[in-house]
Amino acid sequence: MGRIGRNIACGIFAAIAMTGIAAAQEAKQASLSPRLQAFRDIYKELVEINTTDSVGDTVRAAEAMAARLRAGGFPADDVKVLSSGPRKGNMVARLRGTGAKKPILLIAHLDVVEARREDWAFDPFVLQEVDGFFRGRGTADDKAMAASFVANLIEYVKEGFKPDRDIILALTADEELSDSPHDGARWLLENHRALIEAELAINEGGGGTLRDGKPVRNSLQLAEKIYQTYRLEVTDPGGHSASGRRDSAIYRLSEGLVRLSRFDFPVRLNAVTRGYFERVLTTEQGQVAEAIRALLAGNQHEGALEPLTSRPPYNAQIRTTCVTTLLEAGHAENALPQTARATVNCRVLPDQSVDEVAATLARVLNDQKIKVTPVGKPVLSPPSPLNPDVMAAVESISGEMWPGVPVIPTMSGGYTDSRWLRNAGIPSYGVSGLFSDPGKSGVHGLNEQVGVKELYDSKEFLYRLVKRLAGPAAK
Ligand SMILES: [Zn+2]
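Those letters in the sequence shown? Residues 62 to 536, by the numbering used here.
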């Protein structure tokens, strides 16, 4: 189907086309197993509840998922909806085990990034199944995991599964907002810690990579970079623009920014990224493989590492990066600027000090007049240890489902709610078994989608993984 237009005539056409899609969906649904049908219903309900910050409602989504769990056999007292404010809801449910081991926490966020109907090729809040893909906002991030956890917990209850430990599910608000007091993971830790206290957590942040439609790696996220923004400012007495003075705030700042644009932070590996490259090496060839070998051997030579540093996803794994994102200067067309400001956003390696980054920025800008000030306090997030039980379970189930595809420990360039959990001493593992083609998922962007088969496989992967980690020891 082509891109659907915005005028009314096209709207009517779209409505007719939708009826056709709906009919095709009916046909597909008839062939699903009862387990997958139940999962699909939960997923559809969740995707179709708008949970954006602007007009959406995570309380509604939390209540809908709570209702599903209660209808699926959970005692009402073991399913709680907790709201931190209007339209900000979290759900915490507990499947009770024998108590032999400390609980495991499953966490997924309910909120989604804004999605404007007029910018998308289809309605972001109507789940569509087209050409082997589910389309809609949140179909991948993060309602795939949220719906999988809910459906799987209901299956465990139906089977009478009695784990060695409680399995806690937390579905949360405001993960997508960088510093929200309503961030569900943060808010639950601060206000209802006992409800989610666990030995370890399973969260988003991992996932599988498809290349030409085939799985090549399954990642297990153990670390995240630190997010830190700096404000750069040059002030000057200014004056009349007719003076033609060259030494202005704008030029001083610009020259500093040009120096920054040419600067690279040093290459630096940590335990997670070293493990990452050791395993990625088995999936790469030619120049890239050569460069990875050089990197692991401690070769810091720019030319040797170029095949990695020229690829942003690899470059982000080996160094702190800082980019200028905003500029603001001057106050009148006919006046010399009194201030010039820039915003520089850095993604700092988790074992590097944020103060050290500020000092490096000042050194590279190399101008006493450019004042560097951190914006806000960073959320430090220590990497989680490579827990052998988690690794063994992930590797063994991944091997059953995707033979020959390596499991790779990763550090994310962005953040997830694992930062709050890791800070609170709950080791967190980003793993979903949800495979996608990098750059084609539309996550955070337009026309988000996820492969139907990939989604069903991910749900099955999580079903087996959580069961294995919660025990009792299964075959
Ligand atoms: Zn997410």
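Just so you know, even glycine gets a beta-carbon here, dropped at the ideal spot from N, CA and C. Please read all numbers here as calculations on a predicted model, not as lab measurements.
Counted within 10 angstroms of its Cβ, other Cβ atoms place residue i as buried (16 or more) or exposed
i      : result
Gly60  : Residue 60 is absent from the model: the chain starts at 62 and stops at 536.
Phe324 : exposed
Asn252 : exposed
Lys223 : exposed
Leu238 : exposed
Val436 : exposed
Gln348 : exposed
Val153 : buried
Gln189 : buried
Gln557 : Summary: the structure shown does not reach residue 557, with the chain confined to residues 62 through 536, and so no result is reported for it.
Val319 : exposed
Glu87  : Because Glu87 sits at a pLDDT of 49, beneath the cut-off of 50, its placement in the model cannot be relied upon, and the point is left open.
Arg307 : exposed
Pro276 : buried
Thr159 : exposed
Arg155 : buried
Ser309 : buried
Asn151 : buried
Arg483 : buried
Cβ-heavy atom distance, residue i to ligand 1, below 7 Å
i      : result
Asp202 : yes
Glu294 : no
Thr477 : yes
Glu265 : yes
His243 : no
Glu175 : no
His170 : yes
Glu236 : yes
Check whether residue i and residue j have beta carbons under 8 Å apart
i      : j      : result
Ala401 : Ile311 : yes
Leu232 : Ala169 : yes
Val211 : Ile110 : no
Leu321 : Val425 : yes
Val415 : Val384 : no
Pro186 : Gln510 : Before going further, note that residue 186 is Phe rather than Pro in the sequence given. Not a contact, by the Cβ cut-off of 8 Å.
Leu410 : Thr381 : yes
Ser94  : Asn264 : no
Gly269 : Arg278 : yes
Leu261 : Trp481 : no
Ile228 : Leu167 : yes
Leu441 : Tyr291 : no
Arg530 : Asp450 : Sequence check: residue 530 is Leu here, not Arg. Their beta carbons are under 8 Å apart, which means Leu530 touches Asp450 by this criterion.
Ala259 : Ile379 : no
Val333 : Pro444 : yes
Ile431 : Leu293 : yes
Gln399 : Gly299 : yes
Ala123 : Leu107 : no
Ala377 : Arg408 : yes
Met452 : Asp518 : no
Cβ-based neighbour list, residue i, same chain, cut-off 7 Å, excluding 5 preceding and 5 following
i      : result
Leu388 : Ala403
Asp498 : Leu271
Asp412 : Asn331
Glu515 : Leu495, Phe496 and Ser497
Ser302 : Asn395, Ala396 and Leu397
Val455 : Leu281, Val468, Val492 and Leu526
Asp184 : Arg178
Leu419 : Per the sequence presented here, residue 419 reads as Ala, with Leu not at that position. Here the set comprises Tyr291, Val433 and Pro435.
Own chain residues within Cβ distance below 8 Å of residue i, not counting five before or after
i      : result
Ile353 : Phe338, Val341, Leu342, Glu345 and Leu369
Arg254 : Ala485
Asp39  : Outside the shown range of the chain, which is 62 to 536, sits residue 39, and nothing can be said about it.
Same chain only: Cβ atoms within 6 Å of residue i, ignoring 5 sequence neighbours per side
i      : result
Lys520 : Phe100 and Ser209
Gly336 : Pro470
Trp248 : Ser145
Leu256 : Val153
Lys162 : Asp225 and Arg226
Gly134 : Val218
Residue-chain proximity (residue i, chain C), Cβ-Cβ < 8 Å
i      : result
Val173 : The displayed structure is made up of one protein chain only, and chain C is not part of it.
With three or more C-beta pairs closer than 8 Å as the rule, is the stretch 456 to 474 touching the stretch 284 to 294?
Flag = yes, the stretch 284 to 294 and the stretch 456 to 474 touch.
With three or more beta-carbon pairs closer than 8 Å as the criterion, would you say the stretch 485 to 502 touches the stretch 510 to 524?
By the Cβ rule, the stretch 485 to 502 counts as touching the stretch 510 to 524, because three or more pairs are nearer than 8 Å.
Below 8 Å, can you find three or more Cβ-Cβ pairs linking the stretch 190 to 207 to the stretch 134 to 141?
Contact fails: fewer than three Cβ-Cβ distances are below 8 Å.
Does the stretch 164 to 180 come into contact with the stretch 116 to 130, if we say contact requires no fewer than three beta-carbon pairs (one atom in each stretch) closer than 8 Å?
Judged by Cβ distances under 8 Å, the stretch 164 to 180 makes contact with the stretch 116 to 130, as three or more pairs qualify.
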